[in-house]
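A.B. asks: The sequence shown begins at -5 in my numbering and counts up one residue at a time.
Backbone N, C-alpha and C define an ideal beta-carbon position, used for all residues, glycine too.
Note that the structure is a prediction, hence the values are computed from the model and not measured.
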Amino acid sequence: MNASNSIPSGIAVLGGGPAGTATAIGLVRLGYAVTLFNTPRRFAALEGVSGRVAQGLRQAGLDEALAALAPSSPRRVHWRGKESAINVEHLIHRPAFDAALLRDATRHGVAVREARVMGWRETADGRVAITLESETPPFFAAFVVEARGRAAPLDASRVRGPETVSLLQYWRPVNGTATGNVRSAVQSFADGWGWLAEGADGRRYLQLTFDAASADLPDKAHLAGFCRERLQGLELARDFTTDAKPEGSLHARACTPILAGGIAAGRSLRVGDAAVAGDPLSGNGIFLALSSALQAPAVINTILRHPARAALASDFHVQRLSGLFYRFARAGRDFYAEEDQWPQSPFWQIRQSWPDAEPLHREGRPEDVRIAQRPVLCDGEIIEAEVLVTPDRPLGVWKLDGIELAPALRLVREAGTAAEARRKLAEYAGTENGAAHLLAWFREGRYL
Ligand SMILES: Cc1cc2nc3c(=O)[nH]c(=O)nc-3n(C[C@H](O)[C@H](O)[C@H](O)COP(=O)(O)OP(=O)(O)OC[C@H]3O[C@@H](n4cnc5c(N)ncnc54)[C@H](O)[C@@H]3O)c2cc1C
-5 MNASNSIPSG
5 IAVLGGGPAG
15 TATAIGLVRL
25 GYAVTLFNTP
35 RRFAALEGVS
45 GRVAQGLRQA
55 GLDEALAALA
65 PSSPRRVHWR
75 GKESAINVEH
85 LIHRPAFDAA
95 LLRDATRHGV
105 AVREARVMGW
115 RETADGRVAI
125 TLESETPPFF
135 AAFVVEARGR
145 AAPLDASRVR
155 GPETVSLLQY
165 WRPVNGTATG
175 NVRSAVQSFA
185 DGWGWLAEGA
195 DGRRYLQLTF
205 DAASADLPDK
215 AHLAGFCRER
225 LQGLELARDF
235 TTDAKPEGSL
245 HARACTPILA
255 GGIAAGRSLR
265 VGDAAVAGDP
275 LSGNGIFLAL
285 SSALQAPAVI
295 NTILRHPARA
305 ALASDFHVQR
315 LSGLFYRFAR
325 AGRDFYAEED
335 QWPQSPFWQI
345 RQSWPDAEPL
355 HREGRPEDVR
365 IAQRPVLCDG
375 EIIEAEVLVT
385 PDRPLGVWKL
395 DGIELAPALR
405 LVREAGTAAE
415 ARRKLAEYAG
425 TENGAAHLLA
435 WFREGRYL
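(1) Distance check for histidine 300 and leucine 306, CA to CA, integer angstroms please.
(2) For serine 66, which residues from the same chain have a beta carbon less than 6 angstroms from its beta carbon, with the 5 sequence-adjacent residues on both sides left out?
(3) Name the DSSP beta bridge partners of asparagine 32, please?
(4) Could you check if alanine 99 is buried or exposed, using at least 16 other CB atoms within 10 Å of its CB as the buried criterion?
(5) Less than 7 angstroms between C-beta atoms, sequence neighbours within five positions excluded: which residues of the same chain meet that for glycine 143?
(6) Can you tell me which of the three DSSP states aspartate 149 falls into?
(7) Is any non-hydrogen atom of ligand 1 found closer than 6 angstroms to the C-beta of threonine 425, if you look at the structure I gave you?
(8) With DSSP collapsed to three states, give me the class of threonine 425.
(9) Can you name, in chain order, every residue of its own chain whose Cβ lies under 7 angstroms from the Cβ of leucine 315, other than the five neighbours on each side?
(10) Kindly give me the distance between the Cβ atoms of serine 208 and phenylalanine 341, rounded to whole angstroms, as I take these residues to be in contact under 8 angstroms.
(11) Tell me the rounded alpha-carbon separation between phenylalanine 310 and tyrosine 320.
(12) Would DSSP call glutamine 181 helix, strand or coil?
(13) In this structure, how does DSSP classify glycine 11 when only helix, strand and coil are distinguished?
(14) Grab me the residues of phenylalanine 37's own chain with a C-beta within less than 7 angstroms of its C-beta, minus the 5 sequence neighbours each way, in chain order.
(15) Taking the straight line between their C-alpha atoms, what separation do you get for phenylalanine 234 and histidine 216?
(16) Report all residues from its chain with a CB closer than 7 angstroms to the CB of valine 176; omit the five preceding and five following residues, and keep chain order.
(17) Can you name, in chain order, every residue of its own chain whose Cβ lies under 7 angstroms from the Cβ of arginine 35, other than the five neighbours on each side?
(18) In angstroms, rounded to a whole number, what distance separates the CA positions of isoleucine 344 and proline 156?
(19) In the structure shown, what three-state DSSP assignment does asparagine 175 receive?
(20) Quick check on tyrosine 487: does DSSP put it in helix, strand or coil?
(21) To the nearest angstrom, how far is the alpha carbon of proline 385 from that of arginine 121?
(22) Have a look at valine 312 and valine 47 and give me their C-alpha separation to the nearest angstrom.
(23) Can you tell me whether DSSP reads alanine 123 as helix, strand or coil?
(24) One question on the structure: do isoleucine 397 and alanine 430 come within less than 7 angstroms of each other, judged by their Cβ atoms?
(25) Answer yes or no: do glutamate 380 and alanine 351 have a C-beta to C-beta separation smaller than 7 angstroms?
(26) In the DSSP assignment, find the unbroken alpha helix (DSSP H) run with leucine 228 in it and report its ends.
(27) Run the CB neighbour count on proline 147, radius 10 Å, all protein chains shown included, and call it buried at 16 or more, exposed below.
(28) Can you round the beta-carbon distance between glycine 42 and glycine 272 to whole angstroms, since I take them to be within the 8 angstroms contact cut?
(29) Going by DSSP in three states, glycine 266 sits in which element: helix, strand or coil?
(30) For tyrosine 511, which of helix, strand or coil comes out of DSSP?
(31) Do the CB positions of threonine 117 and alanine 123 come within less than 7 angstroms of each other?
(32) When the Cα atoms are used, what is the spatial distance from serine 3 to alanine 94?
(33) For leucine 60 versus arginine 69, is the C-beta spacing smaller than 7 angstroms?
(34) Can you give me the C-alpha to C-alpha distance between arginine 417 and alanine 402, rounded to a whole angstrom?
(35) Out of curiosity, what's the CA-to-CA distance linking leucine 282 and phenylalanine 322?
(36) Give me the residue from Pro131, Ser160, Ala145 and Val28 with the minimum Cα distance to alanine 105.
This is how it looks when you write it as structure tokens:
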């Protein structure tokens, strides 16, 4: 791929959550010297993820973090006044998970430093100067990855969703013993929704989410009592609060959906929540963080080693993250819209129409499928290639199981008969089975 032999000097990654550590490891794998700066989170959160996060962690080399995922446990959902089928999620105790992420990064050769980043700027000689709380002079790097999550500074060009806040209170069983009943539940109420969970140690994490702009929340001194009262009114919460009592202070977490501006600018790239932070209802924050981090090393590698393709690589990163942001926002909107008990409540009204009225998926017809040039990720770089573009997949699909799709579709379109199409595809894919698989995929996706 014409990689030049000169590897630019070190890259600094700011923030050691899933996005920062996965990006740092990916960059080390591409031959870069990486220093990661992180300060630990100031409170113990519990979060839930779906099984596909495991795949992302494995791909990123985050094996210790993967081992910190609890086995899947039942999740009850109470929406529209009734309980739907139970599904499952893996609970994550963030302090243990976050510590495992940093051990993974160290094991892969990332220089991990515990230090608070105060800011950074590009210097006139083309480097980035990072200011740390604990030391002067600044740390210099060839490139900076902004991965400080929601703590990363935002510029004015961001997109903000409905202002949202979650109030988290821990509860402990009064007799101090763990039930071993690892589980979680989601329940809607008139001006928000709650996520209720019990970890393996018996500790309960009861989190209530409100609209920060319209909710009539009391002052700080009365918030804990307010949440306790609210929990008493929630059917599923009783199961978590019986024979338990609140422990420690209440934590407020900002969780407004945000698509940052300046995601790829100059010698910097944003990943994870620093780039796209979603609504916690989707439970997809860690998945999104890993998705952005798995592509980021190739983007940075292209910007540094192939400056002629820097704009292409930046576009690839920005378009993919923006596409993910709107996809998850629209999926969230449709889930909020299913809740029809409180049509007058500002919480529900705002979320049922944000971000827009665009459908989550656009039905495609074979005649809408186009072959076009788009940036794609190939062997640690971003290159331009022919892809299949549909109304539902405007960024295009390049390959299926390693086989380029655009030439395959062209062969089928140019064939006079179905038999000829099959024969040509078998030649192209190397086997009859390969041809059958491609044809089935084209038909299922309405490419043919
Ligand atoms: C209320 C709430 C509930 C959520 N529930 C879920 C859920 O159930 N499932 C899910 O998948 N996601 C959930 N999320 C989202 C999830 O927490 C994030 O999407 C995910 O952690 C983002 O990863 P990240 O690496 O981008 O950032 P983070 O995980 O936030 O990591 C950023 C790191 O940078 C560090 N840092 C910050 N500032 C500095 C600084 N100045 N200097 C050095 N280090 C710094 C932080 O301490 C942290 O270690 C929830 C979020 C909220 C707010």
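C.D. replies: The relevant details are as follows:
(1) Linking leucine 306 to histidine 300 through their CA atoms gives a straight-line distance of about 10 angstroms.
(2) Cβ within range, chain order: Val82 and His84.
(3) The partner list for asparagine 32 (beta bridge, DSSP) reads Glu108.
(4) By the 10 Å Cβ count, alanine 99 comes out buried.
(5) A distance below 7 angstroms between beta-carbons, with the five flanking residues on each side excluded, links glycine 143 to the following residues of its chain, in chain order: Gly9, Gly11, Gly266, Asp267 and Ala268.
(6) Taken through DSSP and simplified to helix, strand or coil, aspartate 149 comes out as coil.
(7) No, since every heavy atom of ligand 1 falls outside the 6 angstroms radius drawn around the Cβ of threonine 425.
(8) Coil.
(9) Spatial neighbours of leucine 315 in its own chain (CB-CB distance under 7 angstroms, excluding positions within 5 residues in sequence) are listed in chain order as Ile257, Ala269, Val270 and Ser286.
(10) Indeed they touch by this definition, with Cβ atoms about 7 angstroms apart.
(11) If I take the Cα positions, the gap works out to 16 angstroms.
(12) Looking at glutamine 181 - three-state DSSP - the assignment turns out to be strand.
(13) It is coil, neither helix nor strand.
(14) For phenylalanine 37, where only same-chain residues beyond five positions count, the Cβ hits under 7 angstroms are His245.
(15) C-alpha of phenylalanine 234 to C-alpha of histidine 216: approximately 21 angstroms in a straight line.
(16) Within the same chain, valine 176 has close Cβ partners Ala64, Ser67, Leu85, Glu192, Gly193 and Ala194.
(17) Shown here for arginine 35: same chain residues with a beta carbon closer than 7 angstroms to its own, the five before and five after excluded, namely Arg88 and Asp92 in chain order.
(18) If I take the Cα positions, the gap works out to 7 angstroms.
(19) It is coil, neither helix nor strand.
(20) Given that the chain is displayed from residue -5 to residue 442, the structure contains no residue 487 and the question cannot be resolved.
(21) Taken atom to atom, the span from the alpha-carbon of proline 385 to that of arginine 121 is near 41 angstroms.
(22) Rounded to whole angstroms, valine 312 to valine 47 spans 22 angstroms at the Cα level.
(23) Reduced to three states, the DSSP call for alanine 123 is strand.
(24) Their beta carbons are not under 7 angstroms apart, which means isoleucine 397 does not touch alanine 430 by this criterion.
(25) At least 7 angstroms separates the beta-carbon of glutamate 380 from that of alanine 351.
(26) Leucine 228 -> no alpha helix (DSSP H), and no H or E assigned at all.
(27) The residue is exposed, with fewer than 16 neighbouring Cβ atoms inside 10 Å.
(28) Actually they do not touch by this definition, with Cβ atoms about 14 angstroms apart.
(29) The three-state reading of DSSP puts glycine 266 in helix, counting H, G and I together.
(30) Only positions -5 to 442 of the chain appear in the structure, and residue 511 is not among them; the question remains open.
(31) Inclusion of threonine 117 and alanine 123 in the CB contact set at 7 angstroms is warranted, their separation being smaller than that value.
(32) For serine 3 and alanine 94, the distance between alpha carbons rounds to 27 angstroms.
(33) No Cβ-Cβ contact shorter than 7 angstroms links leucine 60 with arginine 69.
(34) About 12 angstroms.
(35) Counting only the Cα atoms, phenylalanine 322 lies some 9 angstroms from leucine 282.
(36) When only C-alpha atoms are compared, the closest one is Val28.
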